[in-house]
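Asks: Following the working numbering, the numbering of the first sequence begins with -15 at its first residue and continues without gaps.
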Amino acid sequence: MRFSKLLIPTLKEAPKDAVLPSHIFLVRGGFIHQVASGIYDFLPLGKRVLDKIRTIVKEELDSVGCQEVQLGFVTPAELWKKSGRYEKYGAELLRFSDRKGNEFVLGPTHEEMMVELAGRFVSSYKQLPINLYQINLKFRDEARPRFGLMRGREFIMKDGYSFHTDRDDMVREFELMEKTYRRIFTRMGLDFRVVEADSGAIGGEGSKEFMVLAESGEDTIVICQKCDYSANIEAAKRAEPENVPEAPEARLMKFYTPEVTTIEELESFFHVDPFYLVKSVAKRALYDGGRSEIVLFFLRGNEELQETKAANSIGANELLDVSEEELEAAGIVPGFMGPVEIKRDISTQESDDTPYVIQKAGMNAKMVFDESLKNASNMICGANVKDYHIVGVDLSVLKDLDFEDLVQVKKEDRCIKCGGKLDYTKGIEVGHIFQLGTRYSQPLGARFLDKDGKSKPFVMGTYGIGVSRLLAAVIEQHHDERGCIWPSGIAPFEVVVVIGNIKDENQVSAGEKIYEILKKRGVDVVIDDRPERFGFKMKDFELIGFTYAVVVGKKLSDGKVEIVKRADLGRIEADVDEAAQKVADMLL
RNA sequence: CGGGGUGUAGCGCAGCCUGGUUAGCGCACCUGGUUUGGGACCAGGGGGUCGAAGGUUCGAAUCCUUUCACCCCGACCA
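(1) Alpha carbon to alpha carbon, how far is L261 from P323?
(2) Would you grab the beta carbon distance between G529 and A475 for me? Rounded to a whole angstrom, and I think it's under 8 Å.
(3) What residues match up with D203 in a beta bridge as DSSP calls it?
(4) Tell me which same chain residues have a C-beta within less than 7 Å of the C-beta of I247, skipping the five on either side of it?
(5) For the candidate residues K293, L527, R79, whose alpha-carbon lies nearest to that of D464?
(6) Take I140 as the anchor and find which of Q118, D389, M161, F131 has the nearest alpha-carbon.
(7) Measuring only the C-alpha atoms, how far is Q343 from L63?
(8) Count the other CB atoms, across all protein chains shown, that sit within 10 Å of the CB of T531; report buried if there are 16 or more and exposed otherwise.
(9) Where do the ends of the beta strand (DSSP E) carrying N216 lie?
(10) For F226, which residues of its own chain have a beta-carbon under 6 Å away from its beta-carbon, when the five flanking residues on both sides are left out?
(11) In whole angstroms, give me the CA-to-CA distance for A198 and K410.
(12) If we ignore side chains and look at the alpha-carbon of each, how far apart do G274 and R156 end up?
(13) Within its chain, find whatever has a CB closer than 8 Å to the CB of V256; leave out the 5 residues flanking it on each side and keep chain order.
(14) Check for me: the beta strand (DSSP E) holding G144 runs from which residue to which?
(15) Since G445 is in the beta strand (DSSP E), which residue starts that stretch and which ends it?
(16) So, helix, strand or coil for A2, using DSSP?
(17) Starting from the C-beta of K66, find all residues in its chain whose C-beta is less than 8 Å away, skip the five residues before and the five after it, and write them out in chain order.
(18) Which runs of the alpha helix (DSSP H) fall wholly inside the region 437 to 520 and span at least 4 residues, in chain order?
(19) Which one of Y109, E71, V19 has the shortest CA to CA distance from K440?
(20) Quick check on M570: does DSSP put it in helix, strand or coil?
(21) Compare the Cα-Cα distances from A564 to each of I501, L78, K544 and report the closest residue.
(22) Go through its chain and collect everything with a Cβ distance to V206's Cβ below 7 Å, but skip five positions before and after it.
(23) So which of I114, I483, K142 has the shortest CA-CA distance to V451?
(24) Compute the Euclidean distance between the alpha carbons of G13 and P28, then round it to the nearest angstrom.
(25) Kindly identify the DSSP beta-bridge partner or partners of Y240.
(26) Tell me whether M351 sits in a helix, a strand or coil according to DSSP, three-state version.
(27) Taking the Cβ atom as the reference point for each residue, do Q18 and L116 lie within a distance shorter than 8 Å?
(28) For A223, which option in I498, K401, G22 has the closest C-alpha, if you only look at C-alpha atoms?
(29) In terms of residues, what are the limits of the beta strand (DSSP E) holding Q343?
(30) Hey, quick one: how far does the beta strand (DSSP E) through E546 stretch, first residue to last?
(31) Identify which residue in M522, R550, G319 has its Cα closest to the Cα of G537.
(32) Who are the Cβ neighbours of T446 in its own chain at under 8 Å, not counting the five residues just before and after it?
(33) Assuming the contact rule is C-beta atoms closer than 8 Å, K544 and V560 should be a hit. Round their C-beta distance to whole Å, please.
(34) Nearest to F254 by CA position, among K267, F239, A266, R268, is which residue?
(35) Run the CB neighbour count on N368, radius 10 Å, all protein chains shown included, and call it buried at 16 or more, exposed below.
(36) Suppose contacts are defined by Cβ-Cβ distances below 8 Å. Is V414 in contact with I449 by that definition?
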């Protein structure tokens, strides 16, 4: 290809709304162009990279027996209603009607469509297992698109779905996909982690995310400094703490705590470690069908609530903040919320010395306790009475408490696998694999006949890769202050032949010759034959990030050209006649 | 959805507060010339519904109202 004929609108200045390096360089390098919020055009260079990424994904998947299909981007709303996701998916689902008034959605993901397809054509266990995927456009009407290709509304995703006779076979495929994904991302030169993940709205039993490590990542990942444990913060678990602070021994009683409402205030009021305080977090939980209720989540005072875990613990779709008025209406005292009520044990003699007992607080709200509160004693908690707390609370005396994992793992917590110290890092989610089970096949009635002649729903797995997001993720990891540094497998061109001075006929003919040889050898090469000055062309080379540049310039008078490696800008000299051979070898 | 900001040439911006001829600058673009190892220089040139609608006024990019779009922080996010 000739640079002079290619549409590569490089820019000296970045668009003002670009923040991330990937966004800035993809726009400045003439790869993409924004047409609306979260919607981008791919220009020739961007399209070339996209296709190369696509090819890698396809090659690896096909090599392990997956089959590519392509489903309609516009999908009938009816299927979404059947699976129950029409309502659940919310505003992100773009809905519209055709001229006849039939309802459709733009596919944000294609479980329904693919299950429908498998259900229609796969009827026997003899056809199983089967893994179908597509690399196709998706649309999600994101509340807030940002960061260029990182979080667009329209994007390219590879979504795959596997169908099995039983769980074991599905798990086998799940593990195969993990291996295959590892190969795919390794081929793209990415530094990534496979982490335990929350299954989110898609549902299912187990899931793992593939996270490209990058400061700009939108996800927080918990990683162990000692072993290979890593998890999304939404799913991270930790071991119980090693050292427990000294307990504030106290008799069970009510304590006057005027205006003391926060954990910090309680800490200094009682001079007690927050480990022994009960933190109460009130949320309004939204469920399917618009039902909602107030839920109180209880944790130790030194912990934070992990909202995704909290929502999962009660099967809620979403948690909202609650106003003080709402709390009061439910019989809850803001600032003094607690799980228990205290009263005199009137079974014994009534006097000032009569011992107290506790019982579950009576209020119009669901209660969930974090596991770390199981059998917790010497606790201090709100009394559900204004200006009072209860000290010396032993939760083990209460029956039928609902304990769940609710806490957000902190830095320095101990690893659940090896006890090592945990730390945070940031990641870009580029892949997510799920063990789905019969979550979709069951309600959509996608069944097959098993060996025993019985009709059963498919056991499924689902596997996604953010293909267009990968362009951004690669650049986040591979750039310098001058521009993109594409790994050779996905660079828009592997080599650019730069002619230093287009008016120098010797340079032109030498450059053309090198270009022709490389082309014949099957190297992805472009020749920069533009009537621009040397510096201008080099800046473009660095901005766009071709893997190598062969510079045909001043040194040609000595019969030499230069080969510049984009990654480190290191350059070596080569004889004109050997240059093509040399750079081709370097690419291997 | 809450809070904040910005819309003037392809890109980046000035002008607006304090209304007044043909709306300006840099980059990019076109023509000619000079240049050719790190985003050149000279001369000439093209390109604008000043986001949109309505209003105030003799007169609006500028003031008022409404609206749309885009961006940032947050909420949300298979």
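We treat Cβ as the ideally placed atom computed from N, Cα and C, and that holds for glycine.
Replies: This is what the structure holds:
(1) L261 and P323 have their alpha carbons spaced roughly 12 Å apart.
(2) Their Cβ separation, rounded to whole angstroms, is 7 Å, which keeps G529 and A475 in contact under 8 Å.
(3) DSSP lists G411 as partners of D203.
(4) Excluding positions up to five away in sequence, the list reads P258, L261, K263, G285.
(5) Nearest option by C-alpha distance: L527.
(6) Minimum Cα distance to I140 is reached at Q118.
(7) Rounded to whole angstroms, Q343 and L63 show a C-alpha spacing of 48 Å.
(8) With at least 16 other beta carbons inside 10 angstroms of its own, T531 counts as buried.
(9) Here the beta strand (DSSP E) through N216 covers 214 to 216.
(10) What sits at residue 226 in the sequence shown is Glu, not Phe. Result list for E226: empty, nothing under 6 Å.
(11) For A198 and K410, the gap between their C-alpha atoms comes out near 6 Å.
(12) Taking the straight line from one Cα to the other gives about 38 Å.
(13) Only residues of its own chain outside the window of five on either side were considered, and among them P232, L250, I364 have a CB closer than 8 Å to the CB of V256, listed in chain order.
(14) That run of the beta strand (DSSP E) goes 138 to 148.
(15) Segment 443 to 450, the beta strand (DSSP E) holding G445.
(16) DSSP places A2 in coil when its eight states are reduced to three.
(17) Result list for K66: E96, P427, L428, in chain order.
(18) Within the region 437 to 520, the complete alpha helix (DSSP H) segments of 4 residues or longer fall at 451 to 461, 489 to 504, listed in chain order.
(19) When the alpha-carbon of K440 is set against those of Y109, E71, V19, the nearest one is in Y109.
(20) Of the three classes helix, strand and coil, the one that applies to M570 here is helix, per DSSP.
(21) Looking from the CA of A564, the closest CA among I501, L78, K544 belongs to I501.
(22) Within the same chain, V206 has close Cβ partners S214, A215, I217, A220, V393, L406, Y408.
(23) Measuring from the Cα of V451, the nearest candidate turns out to be K142.
(24) If I take the Cα positions, the gap works out to 11 Å.
(25) In the DSSP output, where bridge partners are listed per residue, Y240 has Y372.
(26) The answer is strand: DSSP assigns M351 an E or B state.
(27) Not a contact, by the Cβ cut-off of 8 Å.
(28) The closest CA to that of A223, considering only I498, K401, G22, is found on K401.
(29) Q343 -> beta strand (DSSP E) spans 340 to 344.
(30) In the DSSP annotation of this structure, the continuous segment of the beta strand (DSSP E) that includes E546 starts and ends at 544 to 549.
(31) Ranking M522, R550, G319 by Cα distance to G537 puts M522 first.
(32) E95, D143, G144, Y145, S146, I186, G188, I417, F418, L420.
(33) About 7 Å separates the CB atoms of K544 and V560; that is less than 8 Å, so the two are in contact.
(34) Of all alpha-carbon atoms in K267, F239, A266, R268, the one lying nearest the alpha-carbon of F254 is that of F239.
(35) Label assigned to N368: buried.
(36) It is a contact, given that the beta carbons lie within the stated cut-off.
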